[in-house]
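Visitor: Dropping a structure here in structure tokens format, bear with me for questions.
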Amino acid sequence: MTSSKLSDLLKKYLPYIALFLLVVCILGFNHVLELRAAEGRRAIVTFEMMQNNNWIVPYQYGYPYYNKPPFYNWVIGSSFILFGTINEFALRFPGVLSLLLTAFLIYSIGKNYLNNHVALLGTEILFPARGHLRYTLNPRNMIFVGFELEGNSYRVGNQNSAFLDPFDGKKDELEIRRSKLRFRFIYERQLIGFFWLSAQAGYRVNYSYNIDEVPNGTDFYRGFFGDQPLAVQNTLGNPFYFNVSINLVSP
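Take the position in the sequence shown, starting the count at 1, then add 4; the result is the number in this note's numbering.
Here it is as structure tokens:
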């Protein structure tokens, strides 16, 4: 299947694919992923609030915690009470719910005041560009399964008349836009110290590698669902790939 055909399919079904992946993530993995960033601190502070039955002054390990206002801890505590348990799923539920409500709000405003197309474009800001599930075999060996979305834009400033002839001699009004989606499996192993071996293999979807015409050098946003005419549409295939590297990883 050529990238253009696959691109058309993605444009048509991407919202449904994204919704399906979101549901799978929430229902299938949201309760088993390890706590990250401030999640652990929020859980501890909320747990001590519930243990002490003190919802006004937050505590962490028995000491007052005034770094953050207690409102979000009230929200997390309500989630713990709603689900009748204290676990990762209940801890993350308020954040997931707020994300979904934000997406719905952006879509509703865009649809009512502009159009459905712009509304979908607005929700793109909530799509993650990278997502992986990690399984730690031991402290020196890890396995990742996931995806990564990459993209770049290159302004074409070619002065060659032979190149510009098909474009009516226009220069500095062409832009190459590259987007690719990689589904991949990664194995990482610590060699010694900060040096790690990384081996990955997967399938690369060349979502687009096309040329847009930007009149008078004025750029525009195409996004996943953009339907502006293309100056040149590429027909790259979608290959399997592999990569091996040695990386310097900071502690």
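For glycine and all other residues, C-beta sits at the position ideal for the given N, C-alpha and C.
What you are looking at is a predicted structure, and each value in this text was computed from that prediction instead of being measured.
1) Counting only the same chain and skipping the five closest in sequence on each side, list residues whose C-beta sits under 8 Å from that of Ile250.
2) CB Asn77 to CB Pro62, shorter than 7 Å?
3) By a C-beta neighbour count over all protein chains shown, 10 Å radius and 16 as the cutoff for buried, is Tyr211 buried or exposed?
4) Taking the alpha-carbon positions, what's the Arg45 to Tyr117 distance?
5) In three-state DSSP terms, what is Leu101?
6) In angstroms, rounded to a whole number, what distance separates the CA positions of Leu109 and Val218?
7) Indicate whether Ser102 and Ala94 have their beta-carbon atoms separated by less than 7 Å.
8) Beta-carbon within less than 7 Å of Val236's beta-carbon, same chain only, minus the 5 sequence neighbours each way: which residues are those?
9) In angstroms, rounded to a whole number, what distance separates the CA positions of Thr239 and Arg182?
10) Within a Cβ cutoff of 6 Å, which residues of the same chain sit near Leu234, ignoring the five residues on either side of it in sequence?
11) If Tyr245 and Arg193 are in contact, beta carbons under 8 Å, what's the gap, nearest whole angstrom?
12) Can you tell me the Cα-Cα spacing of Leu105 and Arg134, whole angstroms?
13) Given Tyr139, which residues of its chain have a CB within under 6 Å of its CB, disregarding the five upstream and five downstream residues?
14) Along the beta strand (DSSP E) that carries Glu192, what are the first and last residues, could you check?
15) Could you tell me which residues DSSP pairs with Asn214 in its beta bridges?
16) What does DSSP give as the partner residue(s) for Met146 in the beta ladder?
17) Report the option in Tyr158, Ala41, Asn145, Gln64 whose CA atom is closest to the CA atom of Tyr191.
18) What's the call for Gly155, buried or exposed, on a 16-neighbour Cβ count within 10 Å?
Guide: On the basis of the coordinates in this document:
1) On the sequence shown, position 246 is the one that residue 250 refers to. Answer for Ile250: Leu195, Phe199, Trp200, Leu201, Ser202, listed in chain order.
2) In the sequence shown, the residue the question calls residue 77 occupies position 73. In the sequence shown, the residue the question calls residue 62 occupies position 58. Yes, these two residues count as a Cβ contact at 7 Å.
3) Counting from 1 along the sequence shown, the entry for residue 211 is found at position 207. With at least 16 other beta carbons inside 10 angstroms of its own, Tyr211 counts as buried.
4) Residue 45 sits at position 41 when you count from the first residue of the sequence shown. Residue 117 sits at position 113 when you count from the first residue of the sequence shown. Approximately 40 Å between the Cα atoms of the pair.
5) Mapped onto the sequence shown, residue 101 falls at position 97. DSSP, read as helix, strand or coil, puts Leu101 in helix.
6) Counting from 1 along the sequence shown, the entry for residue 109 is found at position 105. Counting from 1 along the sequence shown, the entry for residue 218 is found at position 214. Take the alpha-carbon of Leu109 and the one of Val218: they are about 31 Å apart.
7) Locating residue 102 in the sequence shown gives position 98, counting from the first residue. Locating residue 94 in the sequence shown gives position 90, counting from the first residue. With a cutoff of 7 Å on beta-carbon distance, Ser102 and Ala94 are scored as not near each other.
8) Within the sequence shown, the letter at position 232 stands for residue 236. Excluding sequence neighbours, Val236 sits near Asn214, Ile215.
9) Here residue 239 corresponds to residue number 235 of the sequence shown, with the count starting at 1. Here residue 182 corresponds to residue number 178 of the sequence shown, with the count starting at 1. Straight-line Cα distance between these residues: approximately 12 Å.
10) Translated into positions along the sequence shown, residue 234 becomes position 230. Short of 6 Å from the beta carbon of Leu234, and not among the five residues preceding or following it, lie these beta carbons of its own chain, in chain order: Asn214.
11) For this step, residue 245 is matched to residue 241 along the sequence shown. For this step, residue 193 is matched to residue 189 along the sequence shown. Beta-carbon to beta-carbon, Tyr245 and Arg193 are separated by about 20 Å, too far to satisfy the 8 Å threshold.
12) Against the sequence shown, residue 105 aligns to sequence position 101. Against the sequence shown, residue 134 aligns to sequence position 130. Near 21 Å, if we compare the C-alpha coordinates of Arg134 and Leu105.
13) In the sequence shown, the residue the question calls residue 139 occupies position 135. Same-chain partners within the cutoff: Ile147.
14) For the purposes of this step, residue 192 is identified with residue 188 of the sequence shown, where counting begins at 1. For Glu192, the enclosing beta strand (DSSP E) covers residues 178–196.
15) Within the sequence shown, residue 214 is the residue found at index 210, counting from 1. Beta-bridge pairing links Asn214 to Arg181.
16) The residue you call residue 146 lines up with position 142 of the sequence shown. According to DSSP, Met146 bridges with Thr140, Glu192.
17) Within the sequence shown, the letter at position 187 stands for residue 191. Measuring from the Cα of Tyr191, the nearest candidate turns out to be Asn145.
18) Translated into the one-based positions of the sequence shown, residue 155 becomes position 151. Around the beta carbon of Gly155, fewer than 16 other beta carbons sit within 10 angstroms, so the residue counts as exposed.
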